[in-house]
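K.L.:
According to full-length UniProt numbering, the sequence shown holds residues 1 to 512 in order.
For every residue, glycine included, the Cβ atom is placed at its ideal position computed from N, Cα and C.
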Amino acid sequence: MNLEDKEKRYIQSDNDNRADSQADRANRSDVTDIAARDNSSGEMEIDLRVLLYMLWSRLWLIISLGIMGACLAAVISQNILIPQYSASTQIYILNKQDQSAVTYNDLQSGAQLTKDYMQLIKSRTVLKQAIADLNLQMTPEQLASKIDVSAVSDTRIITITLTDADPYRAAEMANRVREISSKQIQEVMDIEAVSLVDAADIPSKPTSPDFRKNILLGGLAVSAVTIFCLILLFLLNDKIKTSEDVGEKLALNVLGSIPQFNRKNRKYKKPKTRQQEEAKKHENNIIPGKIKNDIPVSEAYNTLRSNIQFCGSHIKVISVTSCLSGEGKSCVSMQMAFSMSDIGKKVLYIDADLRKPASSKQISIDRAIPGLTQYLSGMCETEEVLLNTNRKNLDMIHSGPVPANPSELLENGRLKELLDEVKTQYDYIFIDTPPLVPVIDSAIISNICDRIIMVIEFNRISCRLASSVTKQLNKTNCRILGVILNKIDINKKSSYEKYYDSTYYREYYGRH
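#1: Of all the options Tyr-85, Ile-158, Gln-90 and Ser-208, which has the alpha carbon lying nearest to the alpha carbon of Arg-169?
#2: Mind checking which residues open and close the beta strand (DSSP E) that includes Asn-486?
#3: So the beta strand (DSSP E) Ile-158 belongs to, where does it begin and stop?
#4: For the beta strand (DSSP E) containing Asp-351, list its first residue and its last residue.
#5: Quick check: what's the CA-CA separation for Gly-482 versus Leu-394?
#6: Which one of Tyr-117, Gly-256, Ile-227 and Ile-431 has the shortest CA to CA distance from Tyr-92?
#7: Quick one: give me the first and last residue of the alpha helix (DSSP H) that Tyr-117 is part of.
#8: Between the segment 419-433 and the segment 311-324, are three or more C-beta pairs nearer than 8 Å?
#9: For the beta strand (DSSP E) containing Glu-327, name the first residue and the last one.
#10: Could you check the C-alpha separation between Ser-77 and Thr-89 for me, to the nearest Å?
#11: Just how far apart, CA to CA, sit Ile-295 and Glu-457?
#12: Below 7 Å CB to CB, which residues in the same chain sit around Leu-418 once its five sequence neighbours on both sides are set aside?
#13: Output needed for Gly-219: all residues of its chain with C-beta closer than 6 Å, excluding positions within five of it in sequence on either side, in chain order.
#14: By the 10 Å Cβ neighbour count, where 16 or more other Cβ atoms means buried, how is Leu-216 classified, buried or exposed?
#15: For Leu-48, which three-state DSSP category applies?
#16: Using the rule of at least 16 other Cβ atoms within 10 Å of the residue's Cβ for burial, across every protein chain shown, is Ile-445 buried or exposed?
#17: Can you tell which of Val-422, Glu-172, Ser-442 and Ile-397 has its C-alpha closest to the C-alpha of Ser-407?
#18: What would DSSP say about Tyr-426, mapped onto helix, strand or coil?
#19: Given Thr-155, which residues of its chain have a CB within under 7 Å of its CB, disregarding the five upstream and five downstream residues?
#20: Between the C-alpha atoms of Arg-178 and Ala-74, what's the straight-line distance to the nearest angstrom?
#21: Which residues in the same chain have their Cβ closer than 6 Å to the Cβ of Ile-180, if we skip the five residues on either side of it in sequence?
#22: Do you know offhand how far Leu-488's Cα is from Asn-474's?
#23: Give the secondary structure of Pro-406 by DSSP, where H, G and I count as helix, E and B as strand, and everything else as coil.
#24: Roughly how many angstroms separate the alpha carbons of Ser-255 and Thr-226, rounded to a whole number?
#25: In angstroms with no decimal places, state the Cα-to-Cα distance between Lys-183 and Ile-231.
Here you go:
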């Protein structure tokens with residue numbers, strides 16, 4: 001193949017890559033517009049199964065608080081509420097037209113007037129007379145609140161019940177109100193006879209508080225309030241928890257879901273001698289946490305690696321960022337580099353977080369070797385910053401000393417020159433960048449990368465914040481490859497999505 005053919009082939013390949021980029025941008029714009037139209041409707045879709053599963057997973061909390069509410073109701077009923085005693089008396093009202101017989105009309109007319117009789121019993125005239133006769137220290141309204149008048153169904157028998165803290169006074173007041181009201185009914189309604197059915201006896205047991213009823217109501221009330229609060233928090237919580245949240249709210253794909261790393265599986269081999277310790281300090285050696293002992297995490301990175309490979313061989317330079325600090329982007333970017341190098345890919349890892357380089361804490365580096373900041377400042381060349389690690393197929397460029405002007409260094413064009421120079425030497429280049437919310441450095445770096453990956457910590461970042469970051473990247477023409485959900489707790493089954501089941505992994509790998 002001559003030089004002219006090579007140039008034509010290179011131009012054709014470059015045009016294809018540009019076409020792919022324009023198509024990706026158009027597709028992303030279409031998806032974003034669709035998501036915006038869906039969100040603009042203002043409608044909230046609630047999956048009833050997810051809501052019920054959330055309540056079921058917190059059943060222990062509902063029951064525990066319900067028991068506490070029942071105990072509190074029991075304490076209040078026992079020690080705070082004053083026992084009340086009820087005494088009842090009954091009267092029979094009959095307008096006799098014939099002393100020897102009672103007709104059906106007597107019964108009908110009497111039943112229709114029962115409500116009138118009940119009102120007369122609680123009239124102010126009756127109440128005032130009862131207060132005066134018994135020398136009570138209360139108003140007619142207060143006495144009326146203690147009286148309950150009811151009629152036995154389909155009869156003219158009226159029951160007068162009086163409730164008071166003193167059982168003797170309750171019986172005395174009930175009998176006195178009955179006597180006075182009987183005379184009042186006879187005078188006002190022109191009734192010939194108001195007969196006594198039962199006199200009020202002194203009650204031996206309090207009618208209130210009802211301990212069983214209060215305990216039941218207290219437990220049910222607290223449980224109902226707990227369920228209401230859980231549902232309210234569920235509806236108000238807009239944290240990103242599932243891949244569906246990423247797809248619906250951000251219009252992005254989830255490349256992988258990384259479980260929370262089990263630190264008990266992190267194993268370091270300590271040097272046995274002082275000479276080995278001193279030698280280890282001067283090694284240009286990455287010291288990562290061993291994920292091979294944590295099967296769910298290892299499998300998650302294998303899946304992530306496959307998904308990145310399926311995106312196409314033309315995607316080589318990938319920057320990794322997050323919304324806020326502490327979401328694990330540095331760990332994820334480094335583990336992706338390890339995973340690619342393990343399958344024979346030539347990988348370059350660049351720590352471009354010039355403000356707070358987290359990757360350097362996991363690396364034993366000879367500080368005499370210049371870093372990215374020295375290169376961007378023009379103090380050294382590419383060959384001087386490339387660091388060979390003890391991992392096969394993996395090189396790296398550490399961040400170097402923290403500069404006073406990180407954004408200016410990243411915009412001077414030297415980083416693009418570096419990537420153009422080393423792109424042909426490596427299969428993949430992973431760049432760890434600062435979080436997007438505090439600074440704009442990630443957008444500057446991602447503009448010269450093939451794609452950018454967002455790391456979002458599970459159940460920490462709100463959909464609103466992530467959507468704002470996504471819009472910021474789209475405005476700067478950054479091409480987002482997808483999202484990685486990080487720090488998923490596999491020991492607690494989420495009420496939103498069962499991402500991983502550690503039991504499954506242990507059983508599967510225990511058999512094979």
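P.N.:
Reading it off the structure:
#1: Tyr-85
#2: Residue range 480-488 is occupied by the beta strand (DSSP E) that includes Asn-486.
#3: First-last of the beta strand (DSSP E) with Ile-158: 157-164.
#4: 347-351
#5: 24 Å
#6: Tyr-117
#7: 114-121
#8: yes
#9: Where Glu-327 is concerned, there is no enclosing beta strand (DSSP E), given that its DSSP letter is neither H nor E.
#10: 27 Å
#11: 20 Å
#12: Cβ contact annotation for Leu-418 (same chain, cutoff 7 Å, sequence separation greater than five): Tyr-375 and Thr-382, in chain order.
#13: Gly-66, Gly-69 and Ala-70
#14: exposed
#15: helix
#16: buried
#17: Ser-442
#18: coil
#19: none
#20: 36 Å
#21: Val-126, Gln-129 and Ala-130
#22: According to the sequence provided, residue 488 is Ile. The question's Leu does not apply to it. About 27 Å.
#23: Reduced to three states, the DSSP call for Pro-406 is helix.
#24: The sequence shown places Leu at residue 255, not Ser. Whole-angstrom Cα-Cα distance: 37 Å.
#25: 59 Å
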